[in-house]
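Trainee:
Protein chains in written order, with the numbering used here: chain B, 5 to 319; chain A, 74 to 716.
Listed below in structure tokens is the structure:
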């Protein structure tokens with residue numbers, strides 16, 4: 005793991021400083037950089053040279069308790085096309101961590117690697133490892149089913165199952181063999197309250213989940229994901245198919261979940277990342293570029309690539 | 074282009090509607106009572122009277138050369154040859170086909186009457202249509218009814234008298250039929266069973282053995298009882314017949330003869346009990362006609378056939394068709410769904426699976442008679458025969474024991490490898506098992522399956538369930554039977570179910586499956602709780618296609634079970650009769666073929682063929698509607714209704 009050893013600097017760069025940094029054509033020396041930006045290293049140049057890119061990871065993360073830790077993780081599609089390059093990062097407990105980056109940078113792939121959903125795709129190969137509260141995720145004798153039961157996942161497009169609202173919510177308990185009505189009802193109510201859907205559906209729990217609106221369906225999926233009290237909640241662009249009102253509801257919900265749940269969210273929308281997350285990781289070209297507290301990353305990024313991305317110069 | 078495409082659709086729809094309308098109109102018309110006409114026809118120098126239902130009119134044309142001396146109408150002359158002194162004349166002769174019945178008297182059912190020969194045409198008030206239990210319809214005028222020697226003459230009084238005695242007489246006839254068919258049939262079946270039981274003991278111990286003699290003695294007393302019972306029943310039948318003979322109806326045919334009870338005794342009039350239905354055709358009001366029409370439909374739907382299937386009902390054929398289709402569905406849907414599940418969910422998509430898929434699709438195009446031949450050869454003569462009498466060439470016990478040990482060893486190897494490498498545990502779902510090992514395991518399990526089949530095929534310890542019967546030439550399962558016909562049809566319709574299910578499975582979105590996996594569901598839990606319910610409407614579509622195809626197939630079942638006339642329905646509540654699944658059965662499709670091409674007088678049977686066709690279409694449509702209703706309920710359930 006590559007950790008930045010430089011001290012924190014909270015000076016917010018002015019617009020002029022930002023643009024001058026971005027416009028610098030020559031790889032500038034450290035002294036000529038604006039105050040916020042520490043290193044003017046380009047991922048592109050590392051890609052060209054074929055050397056591993058050392059990610060810029062802020063010091064704040066050192067003090068957090070880790071739930072999921074990713075260690076030198078690489079992933080290949082069709083056994084040869086490398087989609088993730090030696091990624092190492094820790095997801096802190098009880099916080100919302102956002103993964104941002106341009107399309108195709110591997111953020112969804114990384115998220116889906118956490119609960120091993122990529123296993124379902126033929127020809128995927130991984131190296132390195134991940135740990136969920138210290139237990140290895142990628143190891144020979146891991147029971148993937150048991151592992152997935154410890155996590156919840158919400159997808160880009162809401163995917164309610166063809167059953168009643170109630171059965172949708174308690175699905176993960178049912179498949180675990182839980183049939184006691186009282187337990188199921190308790191879990192259902194708790195999860196639906198947790199996903200702020202209870203008041204809207206409490207009178208029609210036995211009607212089909214497919215009759216709900218898009219936003220309600222997505223909140224139902226969140227309820228389903230938190231029903232089994234997961235150790236980490238994975239969200240893969242949960243609002244990208246929703247209208248602004250439904251989006252704001254989901255965002256409020258994520259804010260409420262903070263503290264009780266560890267959330268790892270992939271988003272395309274940088275405003276969203278800024279609004280809901282405590283920490284943000286920026287990924288580019290299959291590499292982790294910079295990872296730090298959201299406020300710092302958006303206002304005072306350490307790397308020029310990060311700054312270019314969040315100011316909209318590419319991606 | 075719109076016109077071309079739309080026109081093609083219109084043409085196709087018109088053809089289908091036309092066909093259905095044609096069949097329906099003929100099917101509905103069959104049972105409507107037509108009025109009777111009596112025509113006096115010039116026949117050479119004499120005249121002849123024809124009484125019957127006019128069924129068809131057409132114009133018969135022919136050309137002839139006649140001398141110029143004969144004057145003909147100018148517009149019918151085609152050409153004139155002055156040299157030879159002849160003219161070519163084209164005659165157009167309108168004619169009418171009468172259904173005259175009385176086959177026992179005249180040897181014909183129909184007669185053409187040319188209009189130019191008609192001298193007189195009348196509608197006799199007391200012209201009767203008489204449907205009989207034998208020899209088809211009779212047509213004549215009512216003269217008298219005799220009951221217990223007292224004759225009531227004059228049609229009005231006779232008709233009243235007839236209606237008075239008809240009910241009781243028909244009951245007598247039904248009673249005779251019940252005794253002959255059910256009671257005596259049962260006794261003869263039991264006698265047959267006893268004979269076969271004895272033969273079985275003879276097979277086992279030899280005809281000179283003590284067991285054989287003991288059994289023969291034991292059965293002899295029972296046989297005597299049964300034979301005595303038969304004598305009693307025969308006496309009862311003779312009694313009933315004598316009572317039936319006391320009421321006769323005198324109907325005089327247009328030939329001047331009376332309709333006889335027995336062809337060989339032309340002077341004895343028809344018994345009232347021999348009449349199925351009779352009515353004075355020209356006196357019927359619309360309500361009466363409706364009554365006759367409905368009673369004929371009722372008979373058609375609920376009764377057994379008479380007269381080599383050309384008269385009476387098709388009830389056994391309806392039951393046969395519906396049962397056949399049901400049993401077929403029971404076999405084809407689970408097998409098809411499981412096969413599709415493997416192909417779509419478990420098998421690794423690649424050239425091999427594509428090849429299997431193409432082969433399955435091609436199976437749907439194999440001519441159905443090929444399935445019939447296969448079904449006869451495989452199900453009836455191999456499986457059925459094996460179940461009847463065990464292996465044809467059993468191994469010696471020692472040899473077989475060795476074979477069995479080898480089989481156990483192979484199974485042990487397979488099981489050991491499987492357990493050792495944790496093949497069935499969840500970890501193996503993802504590439505933990507090497508490809509080479511998979512191939513080895515597959516071969517081991519395949520050969521153990523083959524060896525188990527081989528063991529069964531050669532076992533010296535199985536003599537079949539019905540060896541004695543089979544040896545006596547009356548196989549129980551090694552013959553055409555309802556169960557084999559159903560299996561053959563299941564094989565025939567399997568591709569439809571597999572293809573429809575596969576498409577439905579492929580249409581289940583990936584995101585829903587992933588959602589289930591992300592909840593920690595195993596592959597099977599995902600399939601059972603998420604994928605299959607979503608695919609259920611598609612499975613139902615496959616089932617509907619299978620029903621539509623299977624219910625109408627005739628060619629294969631002709632070989633494996635359908636018969637012209639089945640003595641019993643292919644269903645029974647008794648396990649000792651194998652619930653009737655080994656019986657032959659009647660089938661509407663085969664019935665149509667039989668009526669149209671195999672009957673004594675296909676012209677007479679044609680209306681029945683139309684009606685049967687119509688009925689078959691209605692049954693197929695009803696079965697489909699039932700399946701479609703279930704499917705739309707399922708769809709609704711997933712689209713927002715309550716569970």
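All residues carry an ideal CB built from backbone N, CA and C; glycine is no exception.
#1: Scan the region 198-231 of chain B for residues whose Cβ lies nearer than 8 Å to a Cβ of chain A and list them as they occur along the chain.
#2: Can you list, in chain order, the residues of its chain with a C-beta nearer than 7 Å to that of residue 83(A)? Leave out the 5 residues immediately preceding and following it.
#3: Are the beta-carbon atoms belonging to residue 263(A) and residue 299(A) less than 8 Å from one another?
#4: Please look up how many angstroms separate the CB atoms of residue 125(B) and residue 134(B), rounded, as I've assumed it's under 8 Å.
#5: With distances taken from CA atoms, which of 652(A), 559(A), 672(A), 680(A) is nearest residue 397(A)?
#6: Please report the straight-line C-alpha distance between residue 373(A) and residue 366(A), rounded to a whole angstrom.
#7: When DSSP labels each residue in this structure, what does residue 142(B) get in the three-state scheme?
#8: Please report the straight-line C-alpha distance between residue 714(A) and residue 454(A), rounded to a whole angstrom.
#9: Would residue 146(A) be called buried (16 or more neighbouring beta carbons within 10 Å of its own) or exposed?
#10: At which residues does the beta strand (DSSP E) containing residue 115(A) begin and terminate?
#11: At the level of alpha carbons, what is the spacing between residue 173(A) and residue 327(A)?
#12: Relative to the C-alpha of residue 651(A), which residue among 446(A), 563(A), 538(A) is closest?
#13: Where do the ends of the beta strand (DSSP E) carrying residue 222(B) lie?
#14: Determine the chain B residues that contact residue 590(A) at a beta-carbon separation under 7 Å, and present them in chain order.
#15: Can you round the beta-carbon distance between residue 111(B) and residue 270(B) to whole angstroms, since I take them to be within the 8 Å contact cut?
#16: What number of angstroms, rounded off, separates the C-alpha of residue 175(A) from the C-alpha of residue 614(A)?
#17: Can you name the residues of chain B whose CB is closer than 9 Å to the CB of residue 603(A)?
#18: Do the region 81-96 of chain B and the region 193-207 of chain B touch if we need at least three Cβ pairs shorter than 8 Å?
#19: Where residue 342(A) and residue 356(A) are concerned, what is the direct C-alpha to C-alpha distance, given to the nearest angstrom?
#20: Taking the C-alpha atoms as reference points, what is the distance between residue 529(A) and residue 272(A)?
#21: Would you tell me roughly how many angstroms separate the C-alpha atoms of residue 177(A) and residue 332(A), rounded to the nearest one?
#22: Going by DSSP in three states, residue 703(A) sits in which element: helix, strand or coil?
#23: Scan the region 404-426 of chain A for residues whose Cβ lies nearer than 9 Å to a Cβ of chain B and list them as they occur along the chain.
#24: At a cut of 8 Å, does the region 228-238 of chain B reach the region 157-167 of chain B through at least three beta carbon pairs?
#25: What's the C-alpha gap between residue 251(B) and residue 220(B)?
#26: Of all the CB atoms in chain A, is at least one closer than 8 Å to the CB of residue 111(B)?
#27: With a cut-off of 8 Å, does the C-beta of residue 500(A) fall near any C-beta of chain B?
#28: My guess is that residue 175(B) and residue 228(B) are in contact by the Cβ rule of under 8 Å, so how many angstroms apart are they, rounded?
#29: Residues in the same chain with beta-carbon distance under 7 Å from residue 97(A), minus the five sequence neighbours each way, listed in chain order, please.
#30: Mind checking whether the beta-carbon of residue 281(B) lies closer than 7 Å to any heavy atom of the ligand COA?
#31: Check whether the region 517-533 of chain A and the region 474-486 of chain A are in contact - that is, three or more C-beta pairs closer than 8 Å.
#32: Let me check understanding here. Comparing Cα to Cα, which of 102(A), 106(A), 125(A), 132(A) lies closest to residue 113(A)?
#33: Rounding to the nearest angstrom, what Cα-Cα distance links residue 184(B) and residue 225(B) in this structure?
#34: For a contact defined as C-beta to C-beta under 7 Å, what are the partners of residue 157(B) on chain A?
#35: Can you pull the DSSP bridge partners for residue 185(A)?
#36: Are the Cβ atoms of residue 635(A) and residue 659(A) separated by less than 8 Å?
Mentor: The short version:
#1: 210, 211, 212, 214, 215, 225, 228, 229
#2: none
#3: yes
#4: Between residue 134(B) and residue 125(B) the Cβ distance is about 17 Å, and since that is not below 8 Å, they are no contact.
#5: 559(A)
#6: 11 Å
#7: Looking at residue 142(B) - three-state DSSP - the assignment turns out to be coil, as it is neither helix nor strand.
#8: With a pLDDT of 41 at residue 714(A), under the threshold of 50, the modelled position of that residue is not reliable, and no figure is offered here.
#9: exposed
#10: 110-116
#11: Going by the C-alpha atoms only, they are around 9 Å apart.
#12: 538(A)
#13: Residue 222(B) -> not in any beta strand (DSSP E); alpha helix (DSSP H) instead, spanning 218-230.
#14: 121, 124, 152
#15: 5 Å
#16: 51 Å
#17: 165, 166, 167, 175
#18: Contact between the region 81-96 of chain B and the region 193-207 of chain B is absent, with fewer than three C-beta pairs closer than 8 Å.
#19: 23 Å
#20: Taking C-alpha positions only, residue 529(A) is separated from residue 272(A) by approximately 26 Å.
#21: 9 Å
#22: helix
#23: 421, 422
#24: yes
#25: 11 Å
#26: no
#27: Here the model assigns residue 500(A) a pLDDT of 47, short of 50, so the residue's position is not dependable and the matter cannot be decided.
#28: 6 Å
#29: 687
#30: No copy of the ligand COA occurs in the structure displayed, which carries no ligand at all.
#31: yes
#32: 125(A)
#33: 22 Å
#34: 591
#35: 170(A)
#36: yes
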